Amino acid sequence: MLADDGEQDLLASILNRIGLRMTGWTELLQLEHRAPYRLDLNNLTVVADRPGRPIPMQRMGGGKNWLGCHLLALLALHEHFVQNKCPVPGFLVLDQPTQVYFPSTQQYKALSGTTQETLESDADLDAVGRMFDLLFSVCAELAPNFQIIVLEHANLPDERYQAAVIEDPWSGIGHHALVPEEWK
Numbered sequence: 299m300l301a302d303d304g305e306q307d308l309l310a311s312i313l314n315r316i317g318l319r320m321t322g323w324t325e326l327l328q329l330e331h332r333a334p335y336r337l338d339l340n341n342l343t344v345v346a347d348r349p350g351r352p353i354p355m356q357r358m359g360g361g362k363n364w365l366g367c368h369l370l371a372l373l374a375l376h377e378h379f380v381q382n383k384c385p386v387p388g389f390l391v392l393d394q395p396t397q398v399y400f401p402s403t404q405q406y407k408a409l410s411g412t413t414q415e416t417l418e419s420d421a422d423l424d425a426v427g428r429m430f431d432l433l434f435s436v437c438a439e440l441a442p443n444f445q446i447i448v449l450e451h452a453n454l455p456d457e458r459y460q461a462a463v464i465e466d467p468w469s470g471i472g473h474h475a476l477v478p479e480e481w482k
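Read in this note's numbering, the sequence shown has 309 at position 11, and its numbers run on one by one without any break.
Okay, structure coming up:
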């Protein structure tokens, strides 16, 4: 019984530390709820512990909050894994995380062009910038043991973002496209 109690105490301690990191990062992301956040393993969700009643992720509004909750949990877990030398691959792959900020196809396509076109877009670029600030910050803290691979159409004008781009944007202009014109 002692070993079981010790394991439960250790798990509670780990989850508390993960929750502290998640809560700290909510300020940067400016999520809807300003409350302590935690990972609820029993229900496999993220919870904001507001005074009066906890709010599980599925009741936290829409896609922007859900993306934020997923990022908080994934980044905090990876931070724990790296710091404790856990045998978990040190990378995270995100597929088009900015898409929740640009609900219309027209808005989203406007970001795949030049950086000047991106600047002129009416999308929530501040929120996207905060999201990438968090990603860059966590990568820097955990380097060289962690990397984030972002598959993204948005072509943001931020210097750090542009320096991190590995492949030039596939704009479809000229011969620079994912699917060659002759295949269409």
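Each residue gets a CB set at the ideal place from its N, CA and C atoms; glycine is no exception.
Treat the numbers as computed from the prediction; the structure is a model and nothing was measured.
Over the uninterrupted beta strand (DSSP E) stretch that includes Ala374, give me the two end residues.
Within the sequence shown, the letter at position 76 stands for residue 374. That residue, Ala374, is in no beta strand (DSSP E); its alpha helix (DSSP H) goes Gly361 to Gln381.
Starting from the Cα of Met358, find the closest Cα among Gly322, Pro395, Leu329 and Ala374 and give me that residue.
Reading the sequence shown from its first residue, position 60 is the one you call residue 358. The shortest C-alpha separation from Met358 is found at Leu329.
Taking buried to mean at least 16 other C-beta atoms within 10 Å of its own C-beta, is Gly322 buried or exposed?
Within the sequence shown, residue 322 is the residue found at index 24, counting from 1. Exposed: under 16 other Cβ atoms inside 10 Å.
According to DSSP, residues forming a beta bridge with Thr343
The residue you call residue 343 lines up with position 45 of the sequence shown. Partner(s): Asp338.
Which runs of the alpha helix (DSSP H) spanning at least 4 residues fall entirely within the segment 417–469, listed in chain order?
423–440 and 457–462
Taking C-alpha atoms, which residue in Ala452, Leu372, Glu465 and Val477 lies nearest to Val436?
Walking along the sequence shown from the start, residue 436 turns up at place 138. Taking only the C-alpha atoms, the option nearest Val436 is Leu372.
Using a Cβ distance threshold of 8 Å, determine whether the segment 381–391 contacts the segment 438–454, with at least three qualifying pairs required.
yes
Name the DSSP bridge partner or partners of Phe389?
Working through the sequence shown from its first residue, we reach residue 389 at position 91. Gln445, per the DSSP bridge assignment.
Near Gly317, which residues of its chain fall below 7 Å by C-beta distance, leaving aside the five closest residues on each side in sequence?
The count along the sequence shown starts at 1 and reaches residue 317 at position 19. Pro334, Tyr335, Arg336 and Leu337, listed in sequence order.
Between which two residues does the beta strand (DSSP E) holding Pro349 run?
Residue numbering aside, residue 349 sits at position 51 when the sequence shown is read from its first letter. Taken as a continuous stretch (DSSP letters only), Pro349 belongs to no beta strand (DSSP E), as it is neither H nor E.
Among the residues of its own chain, which have a CB less than 8 Å from the CB of Gly360, if the five just before and after it don't count?
Your numbering for residue 360 matches position 62 in the sequence shown. Only Val398 meet the Cβ criterion.
What is the DSSP secondary structure of Arg332, reduced to helix, strand or coil?
Position 34 of the sequence shown, counted from the first residue, corresponds to residue 332. Arg332 falls in the coil class under three-state DSSP.
8 Å contact criterion, which Leu342 and Leu313 should meet: CB distance rounded:
The sequence position of residue 342 within the sequence shown is 44, counting from 1. The sequence position of residue 313 within the sequence shown is 15, counting from 1. About 13 Å separates the two Cβ atoms, so there is no contact after all.
Collapsed DSSP secondary structure at Pro395 in the structure displayed:
Translated into the one-based positions of the sequence shown, residue 395 becomes position 97. It is helical.
What is the rounded straight-line gap between the Cα of Leu487 and the Cα of Gly304?
Nothing about residue 487 can be reported from this structure: the residues present for the chain run from 299 to 482 only.
Looking only at its own chain, which residues have a Cβ that is under 7 Å from the Cβ of Asn363, when we skip the five neighbours before and after it?
Locating residue 363 in the sequence shown gives position 65, counting from the first residue. Answer for Asn363: Leu329 and Glu330, listed in chain order.
Excluding sequence positions up to five away, which residues of its chain have a Cβ less than 6 Å from the Cβ of Ala374?
Working through the sequence shown from its first residue, we reach residue 374 at position 76. Once the five neighbours on either side are set aside, the close Cβ partners of Ala374 are Ile316, Arg319 and Met320.
Are the beta-carbon atoms belonging to His376 and Leu390 less than 9 Å from one another?
Position 78 of the sequence shown, counting from 1, holds the residue named residue 376. Position 92 of the sequence shown, counting from 1, holds the residue named residue 390. Closer than 9 Å, so yes.
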